[in-house]
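In what follows, a structure is listed as structure tokens, so that the remarks can point back to it.
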Amino acid sequence: MDREQAARDLELIGRVLEQTRRRVDPQMFHMIVWGTIVLVWYPLMSWLQAAGRGRACLTVSLVAIGGGVLISGFLGWRHGRHPRLAATNTLLARRLGQLTAIFIVTGVVLSFAVPMLSPSGGGRYVPHVWGLLYALMLMTLGVIYSREFFFCGLPSLLATLAALHWVDQSGYLLGPAMGLGCIVAGTIAERRVARLRREPADAADVDPLHAEG
Amino acid sequence: MPKADPFDFDPVLTSRVRLAIVSALVHHDAEFTQLKELLRLTQGNLGVHARKLEEAGYVAVDKRFVDKKPVTTFSLTKEGRAALVAHVRRLKQLLGE
Chain A
1 MDREQAARDL ELIGRVLEQT RRRVDPQMFH MIVWGTIVLV WYPLMSWLQA AGRGRACLTV
61 SLVAIGGGVL ISGFLGWRHG RHPRLAATNT LLARRLGQLT AIFIVTGVVL SFAVPMLSPS
121 GGGRYVPHVW GLLYALMLMT LGVIYSREFF FCGLPSLLAT LAALHWVDQS GYLLGPAMGL
181 GCIVAGTIAE RRVARLRREP ADAADVDPLH AEG
Chain B
214 MPKADPFDFD PVLTSRVRLA IVSALVHHDA EFTQLKELLR LTQGNLGVHA RKLEEAGYVA
274 VDKRFVDKKP VTTFSLTKEG RAALVAHVRR LKQLLGE
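The listed protein sequences correspond, in order, to chains A and B. Counting from 1, one number per residue, gives the positions in the first sequence under the working numbering. Counting from 214, one number per residue, gives the positions in the second sequence under the working numbering.
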């Protein structure tokens with residue numbers, strides 16, 4: 001091997017590393033959707049309960065969850081049909097989706113189990129369960145995917161701890177922490193994908209094996 | 214008599230295609246189609262080189278069905294990662310870095 005070939009090989013390694021590091025589309029618009037819903041939903045629930053309108057809480061919850069499922073489902077379906085980036089790491093994106101699903105399913109199960117299995121009043125702590133799960137989910141995504149998710153999960157963790165003390169204010173504490181954490185992390189991820197899409201075609205499509213150095 | 218390579222480059226990684234495949238697996242595992250698109254290789258070409266890497270123990274191959282479609286996933290082994298690191302070190306030595 002000569003020096004010129006060695007230089008080309010090093011350049012090839014660097015280019016492939018850079019392309020593979022960046023090319024992931026984890027569809028974090030789901031985070032933005034659910035973050036926005038939680039940002040409004042949780043404080044509204046605390047306000048309704050404080051105003052003695054507890055019966056409206058069920059209606060509000062059904063609208064929030066139903067709306068979130070519809071919007072998230074539609075966006076996921078649309079992007080599934082027309083992938084936004086070529087040559088992406090679909091394996092990593094799928095694993096991120098599975099990880100998120102595990103936390104959400106756990107939350108749903110605990111939402112029913114905690115009130116049923118705990119002593120009276122256990123249902124008051126369902127928001128705390130979600131706060132903790134959101135925190136762990138974001139922090140885990142931060143470890144596996146991108147660092148900003150980790151830092152966006154910390155406020156949810158702190159809010160959960162605070163809400164254990166101020167139970168009646170839990171919605172006002174958890175809603176903004178969880179909601180904004182998801183919105184900020186999701187927005188950063190979506191802007192990263194948008195930036196990758198805007199790059200000139202040959203930056204994304206360049207044949208790393210035959211591109212001129 | 215051919216001169217011995219003083220830097221003793223790994224013959225598996227002196228192929229640019231195999232070097233690119235191994236580099237593509239450093240950050241994350243990858244599916245066959247992703248590698249094919251990323252590296253602009255034909256199915257046959259990628260298959261041949263991937264098999265050589267698997268035989269060398271540098272790449273692990275997992276084949277399974279996802280949504281009833283066959284999916285082949287490649288991952289870099291510890292040996293493969295070490296081989297790439299050693300290869301980069303030798304390249305830099307050759308360049309005097």
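All C-beta atoms, glycine included, are put in the ideal place defined by N, C-alpha and C.
query: Continuous beta strand (DSSP E) stretch holding F103/A: start and end; result: No beta strand (DSSP E) holds F103/A; the alpha helix (DSSP H) holding it covers 90 to 117.
query: Ordered list of beta strand (DSSP E) runs contained in the segment 257 to 284 of chain B, each at least 3 residues; result: 272 to 279
query: Local Cβ density within 10 Å of N89/A, reported as buried at 16 or more and exposed below that; result: buried
query: For L289/B: DSSP bridge partner residues; result: V272/B
query: Simplified DSSP assignment, three categories, for R302/B; result: helix
query: Residue burial classification, S236/B (beta-carbon count within 10 angstroms, cutoff 16); result: buried
query: DSSP-derived helix/strand/coil call for R81/A; result: helix
query: Chain-order list of residues whose beta-carbon lies under 7 Å from that of V193/A (same chain, five-residue window excluded); result: D25, R84, L85
query: Proximity to V33/A [Cα-Cα], best of V60/A, D9/A, L70/A, G153/A; result: L70/A
query: Spatial neighbours of G68/A in its chain, beta-carbon cut-off 8 Å, leaving aside the 5 residues before and after; result: V33, W34, I37
query: Minimum C-alpha distance to R294/B - residue among V279/B, K276/B, L266/B; result: L266/B
query: Helix, strand or coil at W51/A [DSSP, three-state]; result: It is worth fixing the name first, because residue 51/A is Ala in this sequence and not Trp. Residue state, collapsed to three classes: coil.
query: 7 Å Cβ cut-off: residues of chain A touching V298/B; result: None at all; the shortest Cβ gap to chain A is about 11 Å.
query: CB of G179/A within 8 Å of CB of L12/A, strictly; result: no
query: Min CB distance R302/B to chain A below 8 Å; result: no
query: Residues that L92/A contacts on chain B, provided the C-beta gap is smaller than 7 Å; result: H241
query: Residues near L132/A in its chain [Cβ-Cβ closer than 8 Å; skip 5 each side]; result: S156, L157, T160
query: Min CB distance T140/A to chain B below 8 Å; result: no
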